[in-house]
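Residue numbers (numbering that gives the first Met the number 0), protein chains in the order written: chain A, 0 to 292; chain B, 0 to 421.
Using N, Cα and C, we set each Cβ at its ideal position, and we do this for glycine too.
These numbers were taken from a predicted model, which means no experiment stands behind them.
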Amino acid sequence: MYLMQVLISGLMLGGIYAMVSMGLTMIFGVVRVINFAHGEFLMIAMYLVYWLNVLLGMDPYVSILITVPVFFVFGVFVQRILIQPIQESPATIKIFSTLGLGLVLSNLALMLWDADYRSVKVSYSTAVINISELSISVPRLIAFIFALLVAVFMYSFLTKTDLGKQIRAVSQNRQAALLMGINVRKIYMIAFGIGSALVGLAASLLMPMYFVYPSIGLLFGLIAFVVVVLGGLGNMYGAFLGGLIIGLVEAIAGAYIDPALKEVFYFIIFILILLLKPSGLISMGRGSEEVGL
Amino acid sequence: MKKKIYFLISVILILSLALTGCGGGGADTGNDSEGPVVFGAIFPLTGPNALLGDESLRGAQIMVDELNANGGLWGREVVLNVADAPDATAAQTEAERLITKDGVKIMFGAYSSAIANVASDVCARYEVPYFEFGGIGTDIMRKGYPYVWRTCADAFGFGTGQAQYVTEICLPALGIEPADAKVVLAYEDSLYGTSVSEACQEALLEFGYKPENIKNIPYAATSVDLSSVILDAKSFNPDAFFTVSYVNDQILLARQAEELNFQPPVWIGAGGGMSMTPTLEAVGNGMYGLTGIDFPQYEVDKEKINGVDEFVAKYEEKYGAFPRSGHSMTNYAGMQIMIDILEEAGSMDKDEIKAAATAMDKPFNTYIGGWGAKFDETGQNVNAPLVVGMWTTEKLVAVWPEEFAITEPVIPIPSWSDKRAM
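Next comes the structure, spelled out in structure tokens:
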């Protein structure tokens, strides 16, 4: 029973990690920019959910209707203003600019909203489904289901639709895609927009159980990188699978070895993946590990 | 291309500098017999510790304003030369700057133990007296510096206080002897968590708890999930759950304990996240009955304890809101004590200050919020008060020790479902 509870907790946590990582894998895999501001995007999105709740009384789940389009536009804007001018530059410049954007965003949040911890008050934040002695947190289950749906939806979008195929073409070989008449700049903006919109969605799903403060991005940002590298860059199923694996590893290591060491285990996995299979569990083909370089 | 890189780097650096607000303001120099008396103040006013660093400084500032309105120190005005130290590295340079460039002859700070540690090192090197008002790390006082004093309680006091409260108040209410009691100590694994819980564990063993009945669960405060801590604790089935946590992890512990239906009869924290209003806001009624040891807060027995309402009134007048935490009152008390010592010393001479501090013997409740002052040979104030508070659905109210208590603690803590129905 104890093992079952550990596994459930690990899976639910994995759903959260997957949800947070899918936006990053999109940007990482297609635009080939290592978005170091990913965690800060999430933080700003969480503030948006918070303020929609406080000022308009909007339920965090309803706020999906706002956060997703707002962050799509935000992503397009960032790509157009910040990334596009340096698209052809070496990776170091892109790293510096996204890192700088992250610093600006987190300090902006500190300036505007203080270092206070803010959370939304909803009746279901600690709601639980009990099956015999097992407990499953309702908001975590919802996040898990959303992560699964998004993975399926994004996969079919990328494989079935015209736009999706264009995005994949660009991510696999930019030059060839350009030669085939694909508007690469537009695809970049759309891909960055989608990646950012997924962050908006993640924020709406996280706010019922978490809380927001200016440096919360660091907590989730780092894990998202591990998940994305583990799953394979640009691969939605990879991100989903990677999230679940990291969640389970963390839960099992925490329960059976030592909670203080649980991070050590997923970083060991991270290093092993980099050494043995740098393109990730579900590879997107040769060269995809050299993202941004 | 190179040019572009340098340009970008410099833009980012400038932006981050501008936004974090580095660089201190202009400073008054000179502490001779003419002009104002300058105190160096070092606090984290930007960065992750900004909120409580600023709250701490406010308390000291209120006391200085009050002093100046009543004729100042030695008939001279007192001015604070404030330095912002968001982290230990900045504390090093800022403390050096205050001493070597601005020539301050006395310094206080710092809320964060990491910053206090560095600031006291620098002061010791230049033999400038240093007063710590809020940092509780035990190692600050263990270095044997002759001119460093701490007015507040330390991690050792927090840990032993937790153990004492549970042993003297909670176990009798539960009808359990210490030898039979099972306890879990869950703590964040930085210096703060480990030093408090080590002191707590030592005290528990002295009270007669059995080593095999004490379970330690350290964890990283940066975790986004603490279900493994809760599951581990739950499987041990403790009579009392001791935690040492920041806000982030305290909220997670409480929420995930409810999700996983972990229901310890006693839950006691130690400062940090347990005493903070944002924790109550995030967890809501689930906090009811949880207790934490900390510096005196505002909900204490005001018939017996000095000056609390007057302080709140002054704070509200100056800053337009209720104090954000007890840190301002703690620093107000610290400043009261430091000024008393300086009055007694009659000058900025370090040895006169040391003589005055060593001779000081003020019982509990001499100053605001129950503070007393009597320094041991390391410079630690042994008459610094600590209070256990219990969360109601609205606020943290004092339940122990008796002189501070307003109400009786609720033991055992009601079930999560009962609390949600409140």
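- Within chain A, no C-beta atom comes less than 7 Å from the C-beta of B:Asp-248; the nearest is roughly 11 Å away.
- The three-state reading of DSSP puts B:Gly-268 in strand, counting E and B together.
- Contact check for A:Tyr-212 against A:Ala-114 passes: the beta carbons are separated by less than 8 Å.
- Check the Cα spacing between B:Glu-376 and each of B:Ile-352, B:Thr-392, B:Met-140, B:Tyr-186: the tightest is with B:Met-140.
- The continuous alpha helix (DSSP H) containing A:Phe-191 extends over residues 183-205.
- For the region 223-237 of chain B, the set of positions with a beta-carbon nearer than 7 Å to some beta-carbon of chain A reads Val-223, Asp-224, Ser-226, Ser-227, Val-228, Leu-230, Asp-231, Ser-234 in chain order.
- Taken atom to atom, the span from the alpha-carbon of A:Ala-142 to that of B:His-326 is near 38 Å.
- Following the DSSP letters along the chain, one finds A:Met-11 inside the alpha helix (DSSP H) bounded by residues 1-25.
- Any Cβ of chain A closer than 8 Å to the Cβ of B:Asp-188 would place that residue at the interface, and such an atom is present.
- A distance below 6 Å between beta-carbons, with the five flanking residues on each side excluded, links B:Asp-360 to the following residues of its chain, in chain order: Lys-373.
- At a Cβ-Cβ threshold of 8 Å, A:Ser-214 and A:Ser-62 do not count as neighbours.
- Counted as a single uninterrupted DSSP element, the alpha helix (DSSP H) harbouring B:Met-337 occupies residues 326-344.
- One thing to note: B:Gln-379 has its Cβ within 8 Å of the Cβ of B:Asp-153.
- In the structure shown, the three-state DSSP call for A:Pro-258 is helix.
- When rounded, the separation of the alpha-carbon atoms in B:Ala-49 and B:Tyr-164 is 31 Å.
- Here the alpha carbons of A:Ser-134 and A:Ile-267 stand approximately 30 Å from one another.
- Under DSSP, B:Arg-254 takes part in no beta bridge, so it has no partner.
- Between the region 343-352 of chain B and the region 295-309 of chain B there are fewer than three inter-stretch CB-CB distances shorter than 8 Å, so the stretches are not counted as touching.
- A:Gly-28 and A:Leu-162 have their C-alpha atoms spaced approximately 16 Å apart.
- For A:Met-153 and A:Met-235, the gap between their C-alpha atoms comes out near 7 Å.
- Within the region 196-220 of chain B, the residues whose Cβ lies closer than 9 Å to some Cβ of chain A are Ile-216, Pro-217, Tyr-218, Ala-219, listed in chain order.
- Note on geometry: alpha-carbon atoms of A:Val-248 and B:Ser-189 lie some 23 Å from one another.
- In this structure the region 391-398 of chain B touches the region 270-287 of chain B; the number of beta carbon pairs closer than 8 Å is three or more.
- Contact with chain A is found for B:Asn-260, since one of that chain's Cβ atoms lies less than 8 Å from the residue's Cβ.
- B:Ala-172 and B:Asp-238 have their C-alpha atoms some 11 Å from each other.
- Take B:Gly-268, set aside five residues on each side of it, and the residues of its chain with a beta-carbon closer than 6 Å to its own are Thr-242, Gly-291, in chain order.
- Residues of chain B with a Cβ closer than 8 Å to the Cβ of A:Glu-249 are, in chain order, Asp-224, Ser-227.
- Looking at the DSSP output, B:Phe-374 shares a beta bridge with B:Asn-380.
- Taking C-beta atoms as the reference points, A:Leu-240 and A:Leu-280 count as a pair closer than 8 Å.
- Around the CB of A:Gln-174, fewer than 16 other CB atoms lie within 10 Å, so the residue is classed as exposed.
- C-alpha of B:Gly-102 to C-alpha of A:Met-206: approximately 49 Å in a straight line.
- Boundaries of the alpha helix (DSSP H) harbouring A:Ala-223: 215-230, taken from the DSSP string.
- Of the candidates B:Trp-370, B:Phe-294, B:Lys-104, B:Arg-254, B:Arg-254 places its Cα closest to the Cα of A:Val-137.
- B:Arg-149 is outside the set of residues whose beta carbon lies under 8 Å from a beta carbon in chain A.
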